[in-house]
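**Student:** Numbering (our numbering), first residue to last: -10 to 196.
Quick look at the structure:
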């Protein structure tokens, strides 16, 4: 069972890089036998928003079906850093406000997880925050088809994730996958979830 909301903040903080510190610059869970591009990597950020309820959940988006890249896939709100963004936290909060109408001042930023460099040339920084439950969120037209919440207990349970390997562009690609109701969470989003779960477990868990 996940910790009550009153202790969730402290337990998450113990598992994360403090918000004002620099993130760890390591590559985690690339899951491919192909080398990374030489760079430079484009800075990006996502918001991992955890709902402040007795049984917390985590917010996800389903990307619009007509987007050029990753159409229809499940993702965290986020995107590349814009010139006006002070840092990755500012970018994650801005993107969440733009994509799902999550007010920036409603997010209590707890910390950062590990930097994640992808084969598509992005360096993505996951920002973890706690948000009030049942906010009147709204998907951005043309970007997001749906917003949904998955119980945090489910996502932290290793038995609910599968590691799969496929042939991909002449090589092997492995990825984690979660199946929740009608939603498939996989790829970079699932890898970030697994990394966060392992951080939480190493810090003593949320129970």
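Beta carbons: idealized from backbone N, C-alpha and C, even for Gly.
As the structure is a prediction and not an experimental result, all values here were calculated from the model.
#1: Which class does residue 178 belong to by DSSP, given the choice of helix, strand or coil?
#2: Measure the beta-carbon distance from residue 83 to residue 64 and round it to whole angstroms, keeping in mind my assumption that it falls under 8 Å.
#3: Which of the three DSSP states, helix, strand or coil, is assigned to residue 144?
#4: What number of angstroms, rounded off, separates the C-alpha of residue 130 from the C-alpha of residue 91?
#5: Please report the distance separating the alpha-carbon of residue 95 from that of residue 41.
#6: Could you check if residue 16 is buried or exposed, using at least 16 other CB atoms within 10 Å of its CB as the buried criterion?
#7: Check whether the stretch 142 to 149 and the stretch 72 to 86 are in contact - that is, three or more C-beta pairs closer than 8 Å.
#8: I need the DSSP call for residue 135, collapsed to helix, strand or coil.
#9: Among the residues of its own chain, which have a CB less than 6 Å from the CB of residue 38, if the five just before and after it don't count?
#10: What does the Cβ neighbour count give for residue 50, buried or exposed, with the cut at 16 atoms within 10 Å?
#11: Can you give me the C-alpha to C-alpha distance between residue 45 and residue 134, rounded to a whole angstrom?
#12: According to the neighbour-count rule (16 or more other Cβ atoms, all chains shown, within 10 Å of its Cβ), is residue 102 buried or exposed?
#13: If you reduce the DSSP assignment to three classes, tell me which class residue 82 lands in.
#14: Between which two residues does the beta strand (DSSP E) holding residue 48 run?
#15: Give the secondary structure of residue 163 by DSSP, where H, G and I count as helix, E and B as strand, and everything else as coil.
#16: Report the three-state DSSP secondary structure of residue 42 (helix, strand or coil).
#17: Closest by CA to residue 107, which one among 167, 33, 7, 0?
#18: Residues in the same chain with beta-carbon distance under 6 Å from residue 115, minus the five sequence neighbours each way, listed in chain order, please.
#19: According to DSSP, is residue 36 helix, strand or coil?
**Tutor:** To lay it out plainly:
#1: Here residue 178 sits in helix by DSSP.
#2: So it is not a contact: roughly 16 Å between Cβ atoms.
#3: If DSSP states are grouped into helix, strand and coil, residue 144 belongs with the helices.
#4: Straight-line Cα distance between these residues: approximately 15 Å.
#5: The alpha-carbon separation between residue 95 and residue 41 amounts to approximately 11 Å.
#6: Here residue 16 scores only 49 on pLDDT, less than 50, and its place in the model is too uncertain to base an answer on.
#7: With the cut-off at 8 Å, the stretch 142 to 149 and the stretch 72 to 86 do not touch.
#8: For residue 135, the secondary structure class from DSSP, reduced to helix, strand or coil, is strand.
#9: These residues qualify, in order along the chain: 48, 118, 120.
#10: Sixteen is the threshold: when 16 or more other Cβ atoms of the shown chains lie within 10 Å of the Cβ of residue 50, as they do, the residue is buried.
#11: C-alpha of residue 45 to C-alpha of residue 134: approximately 23 Å in a straight line.
#12: It counts as buried.
#13: For residue 82, the three-state secondary structure derived from DSSP is helix.
#14: From DSSP, the beta strand (DSSP E) with residue 48 extends over 46 to 52.
#15: Residue 163 sits in a strand when the DSSP states are folded into three classes.
#16: Here residue 42 sits in coil by DSSP.
#17: The option with the nearest alpha carbon to residue 107 is 33.
#18: The answer, listed in chain order, is 35, 37, 102, 181.
#19: Looking at residue 36 - three-state DSSP - the assignment turns out to be strand.
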